[in-house]
Every structure is written in structure tokens, then in C-alpha cells.
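Novice:
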Amino acid sequence: MASETDPRSMRSREAILNAARELLLEGGPTAVTHVHVADRAGVGRATVYRHWPQAEPLLVEAMATVPMPFLDKPTTPTRDWLRRELTAIARQLELDDVRAVSTTLANTALWDENMDARRAQFAGILADRLAAALDDAQARGEITLALTSRDAAALAIGPMYYRSTIEHATADSALIEAIIAALGTWSTD
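So the sequence shown is residues 352 to 540, counted in this note's numbering.
Structure follows, in C-alpha cells:
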């Protein structure tokens, strides 16, 4: 097996990650398979398997290099923006591959420092963006938060993750509306 410092191994690893990232952006998580990645990267399937014996860690690593589209660029009214964003997150969590990646990431992070760093990165991005949007909404008088903006961010994402990964069910519009209402008192439009 080639060393992680071997230039050929490093080039193939980078080609594989680039291919996985491209496939992820083009076709979503289901497009990132060993076969598709090997074809796109121009390497043999054995090379992909040597670096990533399972598809989920490859997908997680590819995801770490793709810009996070959720909760980015908030608009007003914040409540409508939040409804759209939470609905988009909920729809992604319905996909088996996204569910597999998110649970793999959470599980592996318990024992692997690198995966824990990626988990913290994803969580931090989501929490920072949502907390900032809620702080801005509160400053504009759109909402009086019932808890800190960081805790509100956890309250917003947590039930959808639970519904998807533990219950294997859909976070429907009623749940999303209940989450939004639980964040605080919204001003009337």
C-alpha cells in the first residue's frame, strides 16, 4: 500500500476527492459511488477502495470541501426565510444517503479526531449562520427569542435530525411551523 506521503498516492487521493466533489454537486449524495468516482477520477476502483473502503467516509470528506448552502444569505422577513431553509434541510435529511452520511459523521466523530473536527465544522457553520440571522431578526423587532440564539439554532435543527435519523420519518410542515413558533414570539406581519 502506498504511503500517504507518496506523490502518486497523494495525486490519486486528490483526483478521487475532486471527482467525488463534482459528482456530489452534479447529482447529489447518491452519485458518489466507488464506481462513479473511479470513472470520473480516471483511476481504478481498487484505488478508490484503498483510500476509502466504504463510500460514506468518502462522501463525508467530499462534503467537507463543498460550500454549505443551508442557512446562507438570510432574507426578510426572517420567518419566511427560516421556513424555506428548514424545509430544504428536512428534504435533504429524507435522502437515505444524506441520512447515512450525517449519522456516520456523528458516530465516527466519537472515536476519530478528524471526523470530530468535520462534525464541529458542519455544526458550527449551521449554528453560527442561524444564530446570526436570529440575532439580526431580534434586533429588527421581528422576534423576541425565548432562549439564546445559539440554543434557538440547536432547537431548530435538532427535531428535524431526530425525526430523520431516529424515527426515519419526514419532518413535515407542521413540525417545521412548531419549531419556528418555539423559538420565541414573532411580531405580526
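Every residue gets a Cβ at the ideal spot worked out from N, C-alpha and C, and that includes glycine.
The model shown is predicted, which means the values in this text are computed figures rather than measured ones.
#1: Report yes if the CB atom of L477 is closer than 8 Å to the CB atom of M466, and no otherwise.
#2: Which complete beta strand (DSSP E) runs does the stretch 371-439 hold, if anything under 3 residues is left out?
#3: Any idea what DSSP makes of L446, helix, strand or coil?
#4: Let me check understanding here. Comparing Cα to Cα, which of P358, L368 and E436 lies closest to E528?
#5: With contact counted as at least three CB pairs below 8 Å, one residue from each stretch, are the stretch 477-487 and the stretch 412-422 in contact?
#6: Taking the alpha carbon of T398 as the point to measure from, which residue in A371, A389 and V383 has its own alpha carbon closest?
#7: In whole angstroms, give me the CA-to-CA distance for T356 and L481.
#8: Restricting to Cα atoms, I'd like to know which of L461, A371 and E412 is closest to V394.
#9: T496 by DSSP, collapsed to three states: which one?
#10: Would you list the one or two residues that DSSP bridges to W537?
#11: By the three-class DSSP mapping on this structure, what secondary structure does D463 have?
#12: When the Cβ atoms of the stretch 518-536 are set against those of the stretch 436-446, are three or more pairs found closer than 8 Å?
#13: Could you round the C-beta distance between S538 and E493 to whole angstroms and report it? I think they count as a contact, below 8 Å.
#14: Look up M361 in the DSSP assignment and say whether it is helix, strand or coil.
#15: With 8 Å as the threshold, decide whether the Cβ of I367 is near any Cβ in chain D.
#16: In angstroms with no decimal places, state the Cα-to-Cα distance between A415 and R469.
Specialist: Put simply:
#1: Counted from its first residue, the sequence shown places residue 477 at position 126. Counted from its first residue, the sequence shown places residue 466 at position 115. Taking 8 Å as the Cβ cut-off, L477 and M466 do not qualify as a contacting pair.
#2: Counting only runs of at least 3 residues, the stretch 371-439 fully encloses no beta strand (DSSP E) element at all.
#3: Counted from its first residue, the sequence shown places residue 446 at position 95. DSSP places L446 in coil when its eight states are reduced to three.
#4: One-based indexing of the sequence shown puts residue 528 at position 177. Nearest C-alpha to E528: E436.
#5: Enough Cβ pairs lie closer than 8 Å, so yes.
#6: As a first step, residue 398 is located in the sequence shown; it is residue number 47 there, counting from the start. Ranking the options by Cα distance to T398, first place goes to A389.
#7: Locating residue 356 in the sequence shown gives position 5, counting from the first residue. Locating residue 481 in the sequence shown gives position 130, counting from the first residue. In a straight line, the C-alpha of T356 is about 39 Å away from that of L481.
#8: Your numbering for residue 394 matches position 43 in the sequence shown. Out of L461, A371 and E412, A371 has the C-alpha closest to the C-alpha of V394.
#9: As a first step, residue 496 must be located in the sequence shown, where it is residue number 145. Inspection of the sequence shows that residue 496 is occupied by Leu rather than by Thr. L496 falls in the strand class under three-state DSSP.
#10: Along the sequence shown, one-based indexing puts residue 537 at 186. Paired residue(s): I494.
#11: Within the sequence shown, the letter at position 112 stands for residue 463. In the structure shown, D463 sits in coil (DSSP, three-state: anything other than H, G, I, E or B).
#12: yes
#13: The sequence position of residue 538 within the sequence shown is 187, counting from 1. The sequence position of residue 493 within the sequence shown is 142, counting from 1. Rounded, the Cβ-Cβ distance is 6 Å, consistent with contact.
#14: What you label residue 361 is simply residue 10 of the sequence shown in a count that begins at 1. Helix at M361.
#15: Here there is only one protein chain, and chain D is not present.
#16: Mapped onto the sequence shown, residue 415 falls at position 64. Mapped onto the sequence shown, residue 469 falls at position 118. Each residue's alpha carbon lies about 7 Å from the other.
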